[in-house]
Amino acid sequence: MILPTKVVKPIDSLYCISAYVVELISSRNGVGFDDLLDDLNLIYPKAVTLETLQQCLDFLFILGKVELEDEIIKTTF
């Protein structure tokens, strides 16, 4: 589910969705969860659920790419 395989298409992988998430967060210099979900569903070719977005944020947090400050999600590079 994290990486594309023969079963999981790239559009459904957390790796691909996370790239869009990082781009959105860095372009706005921090964003709330609800706004992030709304903006992501506007630009991503397929509908993204709450659970999928949470998994993407968990994945990015483990990698050290995002942090949470006062309920605002920000990128760290």
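Going by the UniProt record's numbering, 53 is the number at position 53 of the sequence shown; the sequence numbering is gapless. Note that beta-carbon positions come from the ideal geometry of N, C-alpha and C, so glycine has one too. For clarity, every value in this text was computed on a predicted model and none was experimentally measured.
Using the Cβ count rule (16 or more neighbours within 10 Å means buried), how would you classify Thr76? exposed
Coil, strand or helix - Glu67 by DSSP: strand
Please name the residue, chosen from Ser18, Gln54 and Lys74, that lies closest to Ile43 on a Cα-to-Cα basis. Ser18
Would Phe33 and Ile62 qualify as a contact pair, given that the criterion is a beta-carbon distance under 8 Å? no
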